[in-house]
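The working numbering applies: residue 30 is where the sequence shown begins, and numbers increase by one.
One structure below.
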Amino acid sequence: MRRTLPEWLTDARRAARLAWYRADRDAMALALIVGGVLLALGFAMHSVFARHELARERALERQRASLECLARNVYYEARGEPLAGQYAVAEVTMNRTASGRFPDTVCGVVHEKRWDEIRNRYVGAFAWTEFYALPEPAGEAWEAARKVAEDVYFRRAPTQLDGATHFHAIYIRPSWAKQRKRVARIGGHVFYR
């Protein structure tokens, strides 16, 4: 005889009820508790690893942005300079980041603007940051600037400026230079601490 679906469901419910009454409830409770703990532990571990992965991704993104800002600063400030001058510009940028007197990120240092009472406007710490339209960095000079930025950022290059935080082109005589100690002249720039 063939059973219909309602009969089959009724038999299945009856079998489940009998199994429930015959079962060892202590073992079932233990299994539920252990299962719940394992499930909660799994969610907690997933949350920890997801947060760790997110923090790692954010750190890598900050690092990429810092390298981009540093490379652009080297490119626009010193691409016509000898290699030592390019390293010096990158070193000044990193020294400013570490000094506590400037923004604490590379991009913050590169794009910092301060009020100039003489000009009655905000002035960028690096001249190129004041231009609205700049050609995109390209070619060998850009690749060299990127390598210099990586070497200085990851401290693969020896320091040469003894903590210098300022520089200017040799054809300029800024008023602040008198109050600083001159450290070096490299290419077309003079560096100060």
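Ideal Cβ placement from N, Cα and C applies to all residues, glycine included.
On a predicted model such as this, the values are computed, not experimentally measured, just so you know.
For Glu106 against Phe155, the beta-carbon gap comes to about 6 Å, under 8 Å, which counts as contact. Taking a cut-off of 8 Å on C-beta distances, the segment 197–212 does not touch the segment 124–137, as fewer than three cross pairs fall below it. The residues Ala100, in chain order, have a CB closer than 7 Å to that of Arg175 in the same chain once the five nearest residues on each side in sequence are set aside. Only exposed fits Ala48, as fewer than 16 other CB atoms lie within 10 angstroms of its CB.
In the DSSP annotation of this structure, the continuous segment of the beta strand (DSSP E) that includes Tyr221 starts and ends at His218 to Tyr221. In this structure, the alpha-carbon of Leu112 lies about 57 Å from that of Ala69.
If only uninterrupted beta strand (DSSP E) runs of at least 3 residues are considered, those enclosed by the segment 98–164 are 142–145 and 150–153. Secondary-structure assignment with DSSP links Ala213 through a beta bridge to Phe220.
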